[in-house]
Amino acid sequence: MTTTLPSPELIASFIDIVGSANALTNPADLAPYLVESRGLYKGTTPMVLRPGSVEEVSRIMKLASATRTAIVPQGGNTGHVAGQIPREGKADIVLSLQRLNRIRDIDPVGNVIVADAGCILADIQKAADDHDRLFPLSLGSEGSARIGGNLSTNAGGTAVLAYGNMRQLCLGLEVVLPTGEVWDGLRRLKKDNTGYDLRDLFIGAEGTLGVITGAVLRMFPKPLGHQVAFAGVGSVEHALALFDTASSLCGAALTGFELMPRLGVEFTAKHIPGVRDPMDTVHPWYALIDISTSDSAESAERMVHELLEQGIVAGLVENAVIATSEEQRKALWHMRESMSPAQKPEGGSIKHDVSVPVSSIPSFMKEADAAVMRAMPGARICSFGHMGDGNIHYNISQPVGADKQAFLDRWREMNAIIHGIVAKYNGSISAEHGIGQLKRDELVEVRSPIEIELMRRIKHAFDPAGIMNPDKVLRAD
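First residue of the sequence shown: 1, per the numbering used here; consecutive thereafter.
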């Protein structure tokens, strides 16, 4: 694999494929493609290619394969583990999917939408909505995240509890292989047991096996009833008990159950324009509860009232508010989705995207909190996330007045503490953000040798030249 700068002739050959207007080489034009959102990784590249068709992607990969040129696929550059960032000091070429942004077909009867990988998630949501359907994936970055990246990281978001992550929301894929061959797997079938499931190999592979260029995505009928409640609770244990009650009472109508700490609410109200504390009382923890029903608005309203009444009687809910309009529902969700960026003005933040069995969340968080405070007195723990599926964003903000860089220099140390506790609960060190570069070296520590060996065999089978997003997920041979 080539790690030195491509020759002028090779650069010219790549430019010929996409045209000079879609081949970026000026440093100022390259800059937005080289840094991930948290600023932890900055890469280098001789050029960014922006193909406008699957054929152009195929030609790029054929040339890259013939010349052993490393290619890094990139969507909206919203990833949190630097899987979409080229390596520093190498000659990786960035392949941007931004121009592949066409919705190819919408089938409301079959509840599917076929789209290019470069489509922005919010545009997919709107296209479904225009046909009185729902595409349920929802992320804080949905205005810029692209479908190919969502698939490559097996994105989860806030509706996994009811609808699943991207693996469950995708029926078929179109992928350009490292050789330039195109696999057309754009099937719209819910049942297809003809051999190995190639689709699931590419979903979550972070661009290390091929370039996703198109997908068949599942849509759902829009719910007729929708209610959002915000409940103050006294402990994580009470939040878990309330979730259990909600699951029993609401069943499939429970579409979201988010856990938030008091500190997170304070950060968002302080730093995010338009966000305010929904309550006039203070509570240690909060649950954001989303209920969607298929029959009527009245059923959703009855359900949320009954849930909160049961929670109050059981001593689980201390206070609660129910959104009375779509604007209020969006405001409550905006507060939750803003919890991560709201930490930035408070200084450095060491973040963890982990999951444990749902029933273990209180024990995990109690043990993790104690370990963090022993290692870093004064640290401000802002742990929140998708309680319904066990995914906790266990974030640590720097102590007040601490040196930001000195705090961030302890990232690996704090990772080791949190991930060590996650392992005790048979959890995962990456619930929805992926491995990328950030967690690559930890992956070999938390997965068994045979699992790592099988991953390497798969990688070598699809990409024997090692040109496909090298050094992501697994270290290059």
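In this text, a Cβ means the ideal position worked out from N, Cα and C, and glycines have one as well.
Given the structure is predicted, the values throughout are model-derived calculations rather than measurements.
- As DSSP reads the structure, C250 sits in no beta bridge.
- Our two residues, I435 and H419, have alpha carbons roughly 13 Å apart in a direct line.
- About 19 Å separates the beta carbon of P46 from that of A82, a gap too long to meet the 8 Å contact definition.
- Boundaries of the alpha helix (DSSP H) around F462: 449 to 462.
- If you ignore the 5 residues before and after E56, its C-beta comes within less than 8 Å of the C-beta of I17, V18, all in its own chain and listed in chain order.
- By the C-beta density criterion, N26 is exposed, having fewer than 16 other C-beta atoms within 10 angstroms.
- With a 10 Å radius around the Cβ and a threshold of 16 neighbouring Cβ atoms, N193 comes out exposed.
- Cβ neighbours of Q168 within its own chain (closer than 8 Å, five residues either side excluded): R218.
- Nearest in C-alpha terms to N154, of all of I450, A229, L139, is L139.
- Under the three-state reduction of DSSP output, I350 falls in the strand class.
- Per DSSP, A331 is one residue of the alpha helix (DSSP H) stretching across 326 to 337.
- Annotated three-state conformation of D290 is strand, per DSSP.
- Between the C-alpha atoms of E36 and G75 there is a straight-line separation of about 12 Å.
- When C-beta atoms of the region 392 to 399 are compared with those of the region 356 to 370, three or more pairs fall below 8 Å, so the two segments count as touching.
- Around the beta carbon of V400, a 10 Å sphere encloses fewer than 16 other beta carbons of the protein chains shown; the residue is thus reported as exposed.
- The region 206 to 215 and the region 294 to 309 do not touch, with fewer than three beta-carbon pairs separated by less than 8 Å.
- For D441, the three-state secondary structure derived from DSSP is helix.
- If you check the CB distance, L201 and R187 do not come in under 8 Å.
- Uninterrupted alpha helix (DSSP H) stretches at least 4 residues long and entirely within the region 153 to 230 occur at 160 to 163, 166 to 169, 198 to 202, given in chain order.
- The beta carbon of F220 sits closer than 6 Å to the beta carbons of L134 from its chain, once the five residues preceding and following it are set aside; these are given in chain order.
- A straight-line Cα-Cα distance of about 12 Å links V317 and P284.
- The C-beta separation of R199 from G210 comes to about 11 Å, leaving the pair out of contact by the 8 Å criterion.
- Taking 8 Å as the cut-off, the Cβ atoms of G225 and E298 count as close.
- Looking from the CA of P357, the closest CA among Y425, G164, V182 belongs to Y425.
- As DSSP reads the structure, S383 sits in a beta bridge with Y394.
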